[in-house]
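Beneath this line is the structure, given in structure tokens, with notes to follow.
In the working numbering, the protein residues as written are 67 to 317.
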């Protein structure tokens with residue numbers, strides 16, 4: 067029987083990655099990663115392109131199987147060689163870089179579909195959707211399709227869809243990468259507000275230290291498939307571990 071992670075479990079160290087290794091063919095992407103993600107925090111996973119951060123996020127989400135090591139959520143084993151709990155049983159939500167919105171569904175239908183009530187037969191679900199649209203300031207756009215939304219509205223729809231089922235953690239793969247600086251700042255502030263309101267944790271992948279300064283509680287810096295330094299944002303910025311971290315932070 068495949069275990070399913072409970073909503074709002076009680077463990078402090080909600081996600082734990084131990085000695086995780088992953089490869090494509092003969093090329094090793096992750097070379098022994100250890101990481102812990104705490105509840106109600108934003109952990110920024112940053113590093114140069116090709117360092118393995120998106121692969122690590124996909125492994126945490128249940129989209130890949132490790133070749134070595136393990137991942138636990140709320141002390142429940144969810145990944146090890148030969149065994150992966152599927153994404154929908156992890157009580158996580160992943161927002162991809164391209165957002166992956168459904169072009170044939172309206173804003174409201176995106177949320178109704180996720181909550182399995184596209185015909186509006188459940189009053190509780192309808193009320194939930196109404197509240198979500200209000201929370202993300204998309205109520206006036208409920209009947210619009212993705213191509214009719216601005217860049218910021220598309221971002222908020224992707225986030226609303228991601229939090230519709232009250233996940234314990236939101237996994238985000240550079241979702242604000244294509245936004246202009248002003249809009250990006252607005253979305254970062256919006257994300258901070260949602261984290262506090264919904265009491266969820268966030269793992270946020272980026273290659274830009276400036277992008278995560280506004281949202282991160284802790285920072286993990288990756289290089290060539292390994293985590294080089296993990297600490298609070300302040301400690302990482304003030305006490306970089308080595309020349310690579312110093313150089314990356316000053317890029």
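Even for Gly, the Cβ is constructed at its ideal location relative to N, Cα and C.
Margin query: According to DSSP, is residue 180 part of a helix, a strand, or is it coil?
Written below: Numbered from 1 along the chain shown, position 114 holds the residue referred to as residue 180. Three-state result, residue 180: helix.
Check: Under three-state DSSP, which class holds residue 294?
Finding: Residue 294 sits at position 228 when you count from the first residue of the chain shown. It is a strand residue.
Notebook entry, point to check: Are the beta-carbon atoms of residue 269 and residue 108 separated by less than 9 Å?
Noted result: Here the question's residue 269 lines up with position 203 in the chain shown. Here the question's residue 108 lines up with position 42 in the chain shown. Going by C-beta atoms, residue 269 is nearer than 9 Å to residue 108.
Item checked: Euclidean distance between Cα positions of residue 180 and residue 162 -> Numbered from its first residue, the chain shown carries residue 180 at position 114. Numbered from its first residue, the chain shown carries residue 162 at position 96. The alpha-carbon atoms of residue 180 and residue 162 are separated by roughly 16 Å.
Notebook entry, point to check: Where does residue 312 land, buried or exposed, given buried means 16+ other C-beta within 10 angstroms?
Noted result: The residue labelled residue 312 in the question sits at position 246 within the chain shown. Burial call: exposed.
Note to self: Helix, strand or coil, according to DSSP, for residue 170 in the structure here?
What the structure shows: Within the chain shown, the letter at position 104 stands for residue 170. Residue 170: coil per DSSP, three-state reduction.
Note to self: Starting from residue 165, trace the alpha helix (DSSP H) in both directions and tell me its first and last residue.
What the structure shows: The count along the chain shown starts at 1 and reaches residue 165 at position 99. It is not in any alpha helix (DSSP H) - residue 165 carries neither H nor E in the DSSP assignment.
Checklist line | Cut-off 6 Å between Cβ atoms - residues of its own chain near residue 292, not counting five sequence neighbours on either side | finding: Here the question's residue 292 lines up with position 226 in the chain shown. Answer for residue 292: 97, listed in chain order.
Margin query: Taking its Cβ as the centre, do 16 or more other Cβ atoms sit within 10 Å of residue 91, making it buried, or is it exposed?
Written below: Here residue 91 refers to the residue found at position 25 of the chain shown. Answer is exposed; the Cβ neighbour count stays below 16.
Note to self: Classify residue 213: buried if its beta carbon has 16 or more other beta carbons within 10 angstroms, exposed otherwise.
What the structure shows: As a working mapping, residue 213 is identified with position 147 in the chain shown. When all chains shown are included, residue 213 counts as exposed.
Next item on the list: Please check the pair residue 183 and residue 173, which I expect to be a contact at CB under 8 Å, by giving their CB distance rounded to whole angstroms.
Entry: Locating residue 183 in the chain shown gives position 117, counting from the first residue. Locating residue 173 in the chain shown gives position 107, counting from the first residue. Contact flag wrong, Cβ pair sits at about 15 Å.
Margin query: Applying the 10 Å Cβ sphere with the 16-neighbour rule, what's the burial state of residue 169?
Written below: As a first step, residue 169 must be located in the chain shown, where it is residue number 103. Counting Cβ neighbours within 10 Å, residue 169 comes out exposed, since fewer than 16 surround it.
Next item on the list: Pick out whichever of 130, 115, 81 and 82 has its Cα sitting closest to the Cα of residue 89.
Entry: Taking the chain shown and counting its residues from 1, the one referred to as residue 89 is at position 23. It is 130.
Checklist line | Coarse secondary structure for residue 76, derived from DSSP in three states | finding: Residue 76 sits at position 10 when you count from the first residue of the chain shown. At residue 76 the pLDDT is 47, less than 50, meaning the model places this residue with poor confidence and gives no usable figure here.
Notebook entry, point to check: For the region 125 to 164, which segments carrying the alpha helix (DSSP H) assignment without a break, of at least 4 residues, lie completely within its bounds, in sequence order?
Noted result: none
Margin query: Rounded to whole angstroms, what is the Cα-Cα separation between residue 185 and residue 178?
Written below: In the chain shown, residue 185 corresponds to position 119, counting from 1. In the chain shown, residue 178 corresponds to position 112, counting from 1. Cα to Cα, residue 185 sits roughly 8 Å from residue 178.
Notebook entry, point to check: What number of angstroms, rounded off, separates the C-alpha of residue 280 from the C-alpha of residue 152?
Noted result: Here residue 280 refers to the residue found at position 214 when the chain shown is read from its first residue. Here residue 152 refers to the residue found at position 86 when the chain shown is read from its first residue. Distance between the alpha carbons of residue 280 and residue 152: 32 Å.
Notebook entry, point to check: Quick one: what's residue 103 bridged to in DSSP?
Noted result: Within the chain shown, numbered from 1, the residue matching residue 103 stands at position 37. Paired residue(s): 81.
Next item on the list: Express the C-alpha separation of residue 250 and residue 194 in angstroms, rounding to a whole number.
Entry: Residue mapping note: residue 194 aligns to position 128 of the chain shown, counting from 1. Residue mapping note: residue 250 aligns to position 184 of the chain shown, counting from 1. Cα to Cα, residue 194 sits roughly 27 Å from residue 250.
Next item on the list: With DSSP collapsed to three states, give me the class of residue 271.
Entry: Translated into the one-based positions of the chain shown, residue 271 becomes position 205. In this structure, residue 271 counts as strand in the three-state DSSP scheme.
Next item on the list: Would you kindly check if the distance between the Cβ of residue 233 and the Cβ of residue 157 is under 9 Å?
Entry: Here residue 157 is taken as the residue at index 91 of the chain shown, counted from 1. Here residue 233 is taken as the residue at index 167 of the chain shown, counted from 1. Yes.
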